[in-house]
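First the structure, in the form of structure tokens, and then the observations on it.
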Amino acid sequence: MNVIRSLGLGLGLALAFALIVAPALAQEIKAGDLTIEKPWARATPKGAAVGAAYLEIRNAGTVPDVLIGGSADFAKVQIHEMSMQSGVMTMRELKDGLAIPADGTLALSPSGYHLMLADLTHALTQGQRVTITLTFQRAGAVTIDFPVQPIGAAGPPQDMKSMDMKGM
Ligand SMILES: [Cu+2]
Numbered sequence: 331m332n333v334i335r336s337l338g339l340g341l342g343l344a345l346a347f348a349l350i351v352a353p354a355l356a357q358e359i360k361a362g363d364l365t366i367e368k369p370w371a372r373a374t375p376k377g378a379a380v381g382a383a384y385l386e387i388r389n390a391g392t393v394p395d396v397l398i399g400g401s402a403d404f405a406k407v408q409i410h411e412m413s414m415q416s417g418v419m420t421m422r423e424l425k426d427g428l429a430i431p432a433d434g435t436l437a438l439s440p441s442g443y444h445l446m447l448a449d450l451t452h453a454l455t456q457g458q459r460v461t462i463t464l465t466f467q468r469a470g471a472v473t474i475d476f477p478v479q480p481i482g483a484a485g486p487p488q489d490m491k492s493m494d495m496k497g498m
């Protein structure tokens, strides 16, 4: 009896904790059938003209959507693809955008698709957030905050592990 009650209490606390913490970590934005997950940008060295941002886009709908572009007040936003061309890493702009398949996910990540942030008006500093508005063919404009990760970062802020528990 006691075991069950404390188990229930434990679950309740865990749930309450999850609800309090949720906004602080994985920022999840919904727009129509789309869910935007794990947005992050990479810090840039001083004086760099370009930066990059990444995210995942889940499409729960029955029709594809297309990421067609983006805008920001600190840079030009382009959709780029990084690929290996005869042994050399190159990137090109995807003028037609990127499809998010029906009931599928599009991931932008280092060494693949990325949001190219060109003509930066300021450096991207670790710990900051930068705001980018993305435009989708169906879902329309979606404004997203991208936390800036260290220059060498390979991925978004880690849930639970490195999140700011210190302040709690
Ligand atoms: Cu690029």
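This note's numbering puts the first residue of the sequence shown at 331, with every later residue one more than the last. We put the CB at the ideal spot given by N, CA and C, even for glycine.
Residues bridged to residue i [DSSP beta-bridge criterion]
| i | result |
| --- | --- |
| valine 393 | Paired residue(s): none; valine 393 is not in a bridge. |
| isoleucine 474 | Ile462 |
| glutamine 479 | Arg372 |
| glutamate 386 | Glu367, Ala437 |
Range of the contiguous beta strand (DSSP E) that encloses residue i
| i | result |
| --- | --- |
| threonine 557 | A query on residue 557 cannot be resolved here, the shown segment of the chain reaching from 331 to 498 and no further. |
| glutamine 415 | 406-415 |
| arginine 468 | Premise fails: arginine 468 is in no beta strand (DSSP E) and is neither H nor E. |
| leucine 424 | Where leucine 424 is concerned, there is no enclosing beta strand (DSSP E), given that its DSSP letter is neither H nor E. |
| glycine 434 | 434-438 |
| alanine 402 | No beta strand (DSSP E) contains alanine 402, which DSSP labels as neither H nor E. |
| alanine 484 | Careful: alanine 484 lies outside any beta strand (DSSP E) and carries neither H nor E. |
| alanine 378 | First-last for alanine 378: undefined, no H or E at that position. |
Neighbourhood of residue i by C-beta, 8 angstroms cutoff - its chain only, sequence neighbours within 5 removed
| i | result |
| --- | --- |
| alanine 402 | Leu447, Val460, Thr461, Ile462, Thr463 |
| threonine 435 | Glu386, Ile387, Arg388, Asn389 |
| proline 431 | Asn389, Pro394 |
Contact under 8 angstroms by Cβ, residue i with residue j
| i | j | result |
| --- | --- | --- |
| isoleucine 398 | glycine 362 | no |
| valine 320 | alanine 429 | This structure gives no information on residue 320, because the portion of the chain shown stretches from 331 to 498. |
| leucine 450 | alanine 379 | yes |
Proximity to residue i [Cα-Cα], best of the options
| i | options | result |
| --- | --- | --- |
| threonine 392 | Asp433, Tyr443, Val472 | Asp433 |
| alanine 382 | Thr435, Pro440, Gly417, Leu364 | Pro440 |
| threonine 424 | Leu445, Ala484, Thr435 | A quick correction: the sequence has leucine, not threonine, at residue 424. Comparing Cα positions, the closest option is Leu445. |
| lysine 376 | Glu386, Thr365, His452, Lys368 | His452 |
| isoleucine 359 | Gln479, Asp475, Gly485 | Asp475 |
| glutamine 479 | Pro431, Lys406, Gly457 | Gly457 |
| alanine 405 | Thr473, Leu454, Gln467, Ser416 | Leu454 |
| leucine 364 | Met412, Gly485, Thr465 | Thr465 |
| threonine 473 | Pro486, Met421, Thr374, Gly400 | Gly400 |
| tyrosine 443 | Ser413, Val418, Thr374 | Ser413 |
| glycine 482 | Ala373, Ile366, Lys368 | Ala373 |
| glutamine 408 | Ile366, Gln488, Pro487, Tyr384 | Tyr384 |
Own chain partners of residue i with C-beta closer than 7 angstroms, once the 5 adjacent residues on each side are dropped
| i | result |
| --- | --- |
| arginine 422 | His410, Glu411 |
Other residues of its chain near residue i: CB distance less than 6 angstroms, five sequence neighbours each side excluded
| i | result |
| --- | --- |
| glycine 470 | none |
| valine 351 | Residue confidence is low: valine 351 scores 46 on pLDDT, short of 50, so the model does not pin down where it sits. No coordinate-derived value is stated. |
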